[in-house]
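Counting from 0, one number per residue, gives the positions in the sequence shown under numbering that gives the first Met the number 0.
We treat Cβ as the ideally placed atom computed from N, Cα and C, and that holds for glycine.
Predicted model only: the values in this text are computed from it and were never measured.
What follows is a short report on a single structure.
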Amino acid sequence: MARTAVSPVPRDGANGSGQFAGGQSLDDACAHWRAAFRRVREETEARAAQLSAEDQIVQSMADASPAKWHRAHVTWFFEQFLLVANDKFYTVFDQRFPFLFNSYYVAAGPRHARPQRGLITRPNGEDVTAYRAHVDEAVERLIESVPAAEAARVFEILEIGLHHEQQHQELLVTDILHAFAQNPTEPAYDARWQPPRPAQGPRGLVEVPAGIMPIGHEGRGFCFDNETPRHDALIPHMRIARHLVSNAEWLEFIEAGGYSTPSLWLSDGWATAQAEGWQAPGYWRRQDGAWHSMTLAGLKAVDPAAPVLHVSYYEADAFARFAGQHLPSEFEWEAAARANVIADAFGIAWQWTRSAYLPYPGYRAAEGALGEYNGKFMVNQMVLRGSSLATPEGHARASYRNFFYPSARWQFSGLRLAEFV
Ligand SMILES: [Fe+2]
Numbered sequence: 000m001a002r003t004a005v006s007p008v009p010r011d012g013a014n015g016s017g018q019f020a021g022g023q024s025l026d027d028a029c030a031h032w033r034a035a036f037r038r039v040r041e042e043t044e045a046r047a048a049q050l051s052a053e054d055q056i057v058q059s060m061a062d063a064s065p066a067k068w069h070r071a072h073v074t075w076f077f078e079q080f081l082l083v084a085n086d087k088f089y090t091v092f093d094q095r096f097p098f099l100f101n102s103y104y105v106a107a108g109p110r111h112a113r114p115q116r117g118l119i120t121r122p123n124g125e126d127v128t129a130y131r132a133h134v135d136e137a138v139e140r141l142i143e144s145v146p147a148a149e150a151a152r153v154f155e156i157l158e159i160g161l162h163h164e165q166q167h168q169e170l171l172v173t174d175i176l177h178a179f180a181q182n183p184t185e186p187a188y189d190a191r192w193q194p195p196r197p198a199q200g201p202r203g204l205v206e207v208p209a210g211i212m213p214i215g216h217e218g219r220g221f222c223f224d225n226e227t228p229r230h231d232a233l234i235p236h237m238r239i240a241r242h243l244v245s246n247a248e249w250l251e252f253i254e255a256g257g258y259s260t261p262s263l264w265l266s267d268g269w270a271t272a273q274a275e276g277w278q279a280p281g282y283w284r285r286q287d288g289a290w291h292s293m294t295l296a297g298l299k300a301v302d303p304a305a306p307v308l309h310v311s312y313y314e315a316d317a318f319a320r321f322a323g324q325h326l327p328s329e330f331e332w333e334a335a336a337r338a339n340v341i342a343d344a345f346g347i348a349w350q351w352t353r354s355a356y357l358p359y360p361g362y363r364a365a366e367g368a369l370g371e372y373n374g375k376f377m378v379n380q381m382v383l384r385g386s387s388l389a390t391p392e393g394h395a396r397a398s399y400r401n402f403f404y405p406s407a408r409w410q411f412s413g414l415r416l417a418e419f420v
């Protein structure tokens, strides 16, 4: 899968001497952001180019969105928060689009119902392509013409828009995989796609540095507001698995009756597993006596050595109990990642932690519509750390906090285990 990076980022802006971070001039900063903008916008289109017009319309469940909607929504984000707010000459492409392509920003106005995004056959894909071109041109014009005094603020919003679009690049892939998994012909997103190879080396547990550790974002690079404020957390004496839990280990769980043993499960998890008829991870199915799974290359035999994917928090928690171990907290995970003692922290599977998605001490969401980005979701969800095989390059870091409801399993979600000593 093609990947694109946003960083490095000169995010300090002008320092009063006309210099941007790293000693950049305004011209250098403009060139940087123009290039970063083009790379990210092209990556979205490269991911969508694997799909037909019909593929791009389908919405296979309320949690997933059509590829066409993703392409338009990320464009609306730049239009709404960058262009309308900062370019007095900008003309909105189509007055009906904000209603269609606003996701959840209440302060930005009314919006179409999320579960009905798949009903929007018009505007069609070509209209969305024209929308993207209109906004691309306007954003590049704004980058070229931004006065020095406003450049830092404009680039800051632009940078959020780029990282937002990268999040949707991953969702575009996870959402179409869910759609293809409903299709009896088992389509491939990319027939040449190969799963990432997990790290080799001895399996087993490694020590995590114990003590009071700083947690959260540090340095000048980009982060989302939910990674701040940086604060101290107590890391107990513990060990964490060097590797992700494998399909072979998950098969042991299945064969030992893990899915039919209520004592292994949280009450909500057991109820969900029963209601949904879970007998194996998402997208797994038995065919000719062997387990297969839908992948980006279509239906493939489950590789025992590969990390398990598409498990919910409820399943991850039940598996940890079955194994006599625990999921790490998000702080323990971050301390282990920073100490560089774990393999495959990034690039294969988001890893469930036992941490509820909560604000860090002292966190306050920003004022206005962009303040709705993260803060209002800080209840009833669980944190995942790392990144997945679908995460764009330049979008992963040790402090990154992903979050989903505990029943979700259409993301590339797996786990690693931990134990206390
Ligand atoms: Fe979004």
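- Sorted by position in the chain, His72, Ser102, His163, His167 make up the residues whose C-beta lies under 6 Å from a heavy atom of ligand 1.
- For Phe402, there is no enclosing alpha helix (DSSP H); the enclosing beta strand (DSSP E) has its first and last residue at 401–403.
- Beta-bridge partners of Leu383 (DSSP): Trp351, Asn401.
- In the same chain as Ile142, and ignoring 5 residues on each side of it, the C-beta atoms closer than 6 Å to its own belong to Cys29, Trp32, Arg33, in chain order.
- In the assembly as shown, Arg219 is an exposed residue. Its beta-carbon has fewer than 16 other beta-carbons within 10 Å.
- A check of alpha carbon separations from Gln199 across Arg241, Ala272, Phe36 identifies Arg241 as the nearest.
- In this structure, the beta-carbon distance from Leu308 to Asp316 does not fall below 8 Å.
- Going by beta carbons, His167 and Val57 fall outside the 8 Å limit.
- Straight-line spacing of the CA atoms in Met237 and Val207 works out to 6 Å.
- Spatial neighbours of Thr120 in its own chain (CB-CB distance under 7 Å, excluding positions within 5 residues in sequence) are listed in chain order as Ile56.
- Cα atoms of Gly367 and Arg320: separation of roughly 43 Å, rounded to the nearest angstrom.
- DSSP places Leu233 in no alpha helix (DSSP H) but in the uninterrupted beta strand (DSSP E) bounded by 230–234.
- An exposed status is given to Pro213, since fewer than 16 other beta-carbon atoms sit within 10 Å of its beta-carbon.
- Excluding five sequence positions before and after Thr390, the CB atoms of its chain that fall closer than 6 Å to its own CB belong to Glu169, given in chain order.
- In the three-state reduction of the DSSP assignment, Glu217 falls in the coil class, being assigned neither a helical nor a strand state.
- By the CB criterion at 8 Å, Met377 and Pro405 fall outside the cutoff.
- For Leu204, no alpha helix (DSSP H) encloses it; the enclosing beta strand (DSSP E) starts and ends at 204–207.
- In this structure, the straight-line span from the alpha carbon of Ala344 to that of His216 is close to 17 Å.
- Taken through DSSP and simplified to helix, strand or coil, Lys299 comes out as strand.
- In the DSSP assignment, Met212 forms a beta bridge with Ala232.
- In this model, Ala232 and Gly210 are separated by some 8 Å (Cα to Cα).
- Secondary structure at Arg238: strand, using DSSP grouped into helix, strand and coil.
- Nearest in C-alpha terms to Ile239, of all of Thr184, Glu329, Lys299, is Glu329.
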